[in-house]
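The block underneath contains the structure these notes are about, expressed in structure tokens.
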Amino acid sequence: MALLTSFVSVAISILYTPFLLLILCIIFLASIGKSLGVRRLYVNILLKLFEYGRQHIEVAKKISRHDSSDEDEVTTEPPVPDDKPPSALVKENGVNGTKMTVIERDEILGPSPELNYKRSSSQERMQNGHKNHQEKVSLEFHLSHCLDLVKAGMESIIEDQVTSVFEAEELRSWNLLTRTNRQYEFLTWRLTIIWAMGFIVRYFFLLPLRILIFIFGVWWLIISTACIGTLPDGPLKQKTNYAVSIMCFNFLSRCISAVITYHDAHNRPARGGICVANHTSPIDALVLMCDNCYSLIGQRHGGFLGLLQRALARASPHIWFERSEVKDRHAVAKRLKEHISVADNPPILIFPEGTCINNTSVMQFKKGSFEVGGTIYPVAIKYDPRFGDAFWNSSRYGMLHYLLNMMTSWAIVCDVWYLPAMHRARDETAVDFANRVKAVVARRGGLVDLQWDGQLKRMKAKKEWRELQQEEFSKRLKGE
Amino acid sequence: MGNENSIPMELCSNSRVNCIDFKVENFDADEIRRLGKRFRKLDLDNSGALSIDEFMSLPELQQNPLVQRVIDIFDADGNGEVDFKEFIQGVSQFSVKGDKLSKLRFAFRIYDMDNDGYISNGELFQVLKMMVGNNLKDTQLQQIVDKTILFADKDEDGKISFEEFCNVVGNTDIHKKMVVDV
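In structure tokens:
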């Protein structure tokens, strides 16, 4: 034990100086807004490593298949044992090495029942057209009418869209993190050694470095916003704030080794608009703030978040609500309107889903932000889950635990697409407009477009929904 | 059609074990593993069996008017819970590899609530009531029920047997409508 502690102290004293130099170097680079491409190189090396691991797993799988050819009989006992881990997941490697956990289906029982039977009833009309014409007056029931409902129920038993988007995304191959695909641990010696080395790098090199960067970054942000706060309002303050804020957030983004690619920069949200994006984690805001200045909107917090909020509000107009005000939708809308009526204000950043989703899908956009008017700038954010899962499962992890997860991941790699500005058409309802924007975001980000309400993460489904389904079914019987 | 469908129902219900062995062939090891994972996820209290409440924790299922019937059919031994064997067995009837007869039987069981091999007037009424809720008057419903039974009931015993059911439903594209990807 004494030997160990002395060894550690020697190691620390040797590594201390280069470590400090490294941090200073990072601070310097971040403050002049340059990157040496170290992070991209690091990400590319990681990709090679994952590919090696995947091939290795596949070989191991083949060998174990040969060994166990006589054990092929299927057991139907409740906990299917995962004793032969490799066979399952590495079958094919998708575009991103990820599995789309959400199956896209023709929706029979969607959350908005008026769309339900459009597909199936038109099919039927094709098949027995004459029948429908004759008996429009009377109620037409066929014993097979229940099949759509049964099938929909079956589909959701096997895989439902709602709960699966609130769970960590599944990977096709192991990314050498213990928290994903737990069954891959101790597969072969070589992989275990690679994993252990990765563990040491992540926890004993990257983590302390990132924590230091984080602390520096937060201090830097607080100090610089305080300085800007003393400037008189006007173009000078805005310009300084724009430059300083991007610098601060770029620096902060290094604490998760963020490698962000921005596409279509000419569509970047302009002043006096509303920027809407899909929401995966609190990091979304950080990711976007690295490239542009936004006004944030949210509930006033205490503690650490409150400190940040107050710091940000000093330098540029943000909208923070008291807890009591949040429920008041009119007050929120009024504040939004006031904000965008000043043409010089930075665009407001809103996540209209209202909850974090696991980066495979987009859920219902709340109509509130689309009622305000003004230009909407949609943004699609897609993280690469191979380097670390950015999704914040807030019902499972607290904020600190989540941050720790982020800082001990390999990196956060993501793509941001700026989409062309959109306006609400004259006769379009806010809900329709919200859906239109959502569809655009989903298409660009390669996400599944869902109609479900993100609030289902916390609350139970309403009873009225079943009644709506019943109403829809009876309409179908009546031939409407 | 008549010949193919007139296989006595006892064949399946009496030798259940054989049935399981036969039906599991609809899935390969990967699919079974995936279903096992799904089962464990649905099994919130880790009891090894799914209760109705656990099924109802899925919003999509909760709003499905027929969910109670589907769960009842899954629950082959009628103990109010669905264990893994029953789960696999139930899902397997929706497999692409599943045969038409077992699919038809599943559909028949939706209406045959007491599992006596016949859809009675009262049963059809109850199931219809589940599907339409309070949107139709009971008298209207009863009319539909009477009409449907009259139409299907070839031997005029006032109820629909499995064979009669197949004659009505068998020519719809049941293979398309009762297939689900696992």
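Chains as they are written, first to last, in the UniProt record's numbering: chain A, 1 to 480; chain B, 1 to 182.
Don't be surprised by glycine CBs; every beta carbon is placed ideally from N, CA and C.
(request) Below 8 Å between beta carbons is the criterion; list the residues of the region 100–119 of chain B that meet it against any residue of chain A, in chain order. (result) F106, A107, I110 and Y111
(request) Would you mind working out which of A:M154, A:Y397, A:G306 and A:L231 sits nearest residue 519 (chain A), comparing C-alpha positions? (result) Nothing about residue 519 (chain A) can be reported from this structure: the residues present for chain A run from 1 to 480 only.
(request) Mind checking who S295 (chain A) pairs with in its DSSP beta bridge? (result) A:I348
(request) Would you kindly check if the distance between the Cβ of I319 (chain A) and the Cβ of H339 (chain A) is under 8 Å? (result) yes
(message) Starting from W320 (chain A), trace the beta strand (DSSP E) in both directions and tell me its first and last residue.
(response) I319 to F321
(message) Are the CB atoms of G446 (chain A) and A411 (chain A) within a distance shorter than 8 Å?
(response) no
(message) For a cutoff of 8 Å on Cβ pairs, would you count V150 (chain A) as touching chain B?
(response) yes
(message) Output needed for N405 (chain A): all residues of its chain with C-beta closer than 8 Å, excluding positions within five of it in sequence on either side, in chain order.
(response) R179, G388, D389 and Y397
(message) On a Cα-Cα basis, can you pick out the residue from A:L147, A:F321, A:G354 and A:L171 that is closest to R54 (chain A)?
(response) A:L171
(request) Determine the DSSP secondary structure at C356 (chain A), reduced to helix, strand or coil. (result) coil
(message) Counting only Cβ pairs nearer than 8 Å, list the residues of chain A close to A152 (chain B).
(response) L143
(request) Report the neighbours of L477 (chain A) on chain B: residues whose CB is nearer than 8 Å to its CB, in chain order. (result) V132, L136 and I144
(request) List the residues that DSSP assigns as beta-bridge partners of H263 (chain A). (result) A:W417
(request) Would you mind working out which of A:A2, A:R426, A:H401 and A:L22 sits nearest F205 (chain A), comparing C-alpha positions? (result) A:L22
(request) Starting from E60 (chain B), find everything on chain A with Cβ-Cβ shorter than 7 Å and list it in chain order. (result) L109, S156, D160, Q161 and V162
(message) Measuring straight from C-alpha to C-alpha, what distance separates I174 (chain B) and L104 (chain B)?
(response) 8 Å
(message) Counting beta carbon pairs with one atom in the region 54–73 of chain B and one in the region 141–151 of chain A, are three or more of them shorter than 8 Å?
(response) yes
(message) For L231 (chain A), tell me which candidate among A:K382, A:R190, A:A434 and A:A315 has the shortest Cα-Cα distance.
(response) A:A315
(request) Kindly list the residues whose CB is nearer than 6 Å to the CB of A439 (chain A), restricted to its own chain and excluding five residues on each side of it in sequence; keep chain order. (result) D449
(request) Return yes when the Cβ of Q470 (chain A) is within less than 8 Å of the Cβ of G133 (chain B), no when it is not. (result) yes
(request) Please name the residue in B:K154, B:T139 and B:S51 whose C-alpha comes closest to that of G78 (chain B). (result) B:S51
(request) Can you check DSSP and say which residues form a bridge with C275 (chain A)? (result) A:L349 and A:Y377
(request) Count the other C-beta atoms from every protein chain shown that fall within 10 angstroms of the C-beta of C227 (chain A), then say buried if there are 16 or more, exposed otherwise. (result) exposed
(message) Less than 7 Å separating the Cβ of N393 (chain A) from some heavy atom of the ligand GDP?
(response) You won't find the ligand GDP in this model; it holds no ligand whatsoever.
(request) May I have the straight-line CA-CA distance separating D75 (chain B) from Q142 (chain B), to the nearest angstrom? (result) 29 Å
(message) Counting C-beta neighbours from all protein chains within 10 Å, is the total for P235 (chain A) 16 or more, i.e. buried, or is it exposed?
(response) exposed
(message) Does M399 (chain A) pass the burial test, meaning 16 or more other C-beta atoms within 10 Å, or should it be called exposed?
(response) exposed
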